[in-house]
Structure formats: structure tokens, C-alpha cells
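The structure under discussion appears below in the form of C-alpha cells.
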Ligand code: 5GP
Ligand code: ZN
């Protein structure tokens, strides 16, 4: 989608540090990392948030989590632990309106909620 920064990252119109890519999903380092490992894993197709995840996207989301599992292993946090966060909408703190999963790890993470 035009004017969506994550679509532009997926299209390589905006540079990013890419950690993984296939035809459906791309993962890149967050520009303002909150932990030693902070990746953003996104479907390449433009979905605004979980609110757009209708049943036709179940396969895509399952694949996205498979990629997250693989990245957690590659970045060395599978055993130490990590957190996957998806902010949704205003109260959820979503800033970028393209569905994305934060993969955070590499240190003990503090707040459980909020
Ligand atoms: P949200 O609050 O929407 O869940 O988080 C959006 C995340 O995207 C933030 O952690 C922010 O640092 C990250 N971000 C915003 N713009 C860019 C960008 O241009 N490149 C990268 N790599 N990350 C970005
Ligand atoms: Zn987008």
C-alpha cells in the first residue's frame, strides 16, 4: 500500500536490516530496539492489524509464527526466552498501521502487560 512504511520496507523502497525474507514474510531489525534482539516480522501483504486477519489469512499467520520460531533460534533466544508482541489500534499502542509482530529477547523483559 502506498504511504505505508512497512510496505515500502517489504518492497526495499526504504532500507532496513533484513533478517529473513521469503515470498510471504519479511523480518527486519527495529530501528529503535527495546532489547538486544528486537525484530519486526511482517506479512508482505498489507493487513492493517489483527482486525484484518480473517480466516483466509490463517495459513499466512501460521507461516509467520513458523518464521518467528526460526528467527528466535537463529538469534539465540529460543532457550533463554523471548516475547512476541502485536500492538493493535490506538489503545494497543499501534503506531505503524501494517500488521507486525515484535520479537523481543536477549535480556530479562520487565512488564508483563502494558
Ligand atoms: P508499533 O507501536 O506500531 O507496534 O511499533 C512500530 C515499531 O516500528 C516501533 O518499534 C518502531 O521503532 C519501528 N519502526 C518505525 N519506523 C521504522 C522504520 O522505518 N524502520 C524500522 N526498521 N523500524 C521502524
Ligand atoms: Zn503496509
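Residue numbers (my numbering): 533 to 646. Where is the CB? At the ideal position from N, CA and C, for every residue including glycine. None of the values given here were measured: they were computed from a predicted structure.
Bounding residues of the alpha helix (DSSP H) (the contiguous stretch that carries residue 570): That residue, residue 570, is in no alpha helix (DSSP H); its beta strand (DSSP E) goes 569 to 575.
Close beta carbons around residue 549, own chain, < 7 Å, minus the five adjacent residues each side: 560 and 561
Segment contact flag, the region 603 to 610 with the region 536 to 545, C-beta cutoff 8 Å, min 3 pairs: no
Sub-7 Å separation of residue 632 and residue 574 beta-carbons: yes
Contact test: residue 573 Cβ vs the ligand 5GP heavy atom, cutoff 6 Å: no
Own chain, CB closer than 7 Å to residue 639, minus 5 neighbours either side, in chain order: 567 and 568
CA-to-CA distance, residue 547 to residue 556, given in whole angstroms: 18 Å
Runs of beta strand (DSSP E) wholly within the region 617 to 642 (minimum 3 residues, chain order): 633 to 637
Candidates 630, 616, 628 and 620, of which the one nearest residue 641 by Cα: 616
Classification of residue 596 by the beta-carbon crowding that lies within 10 angstroms, buried from 16 upward: buried
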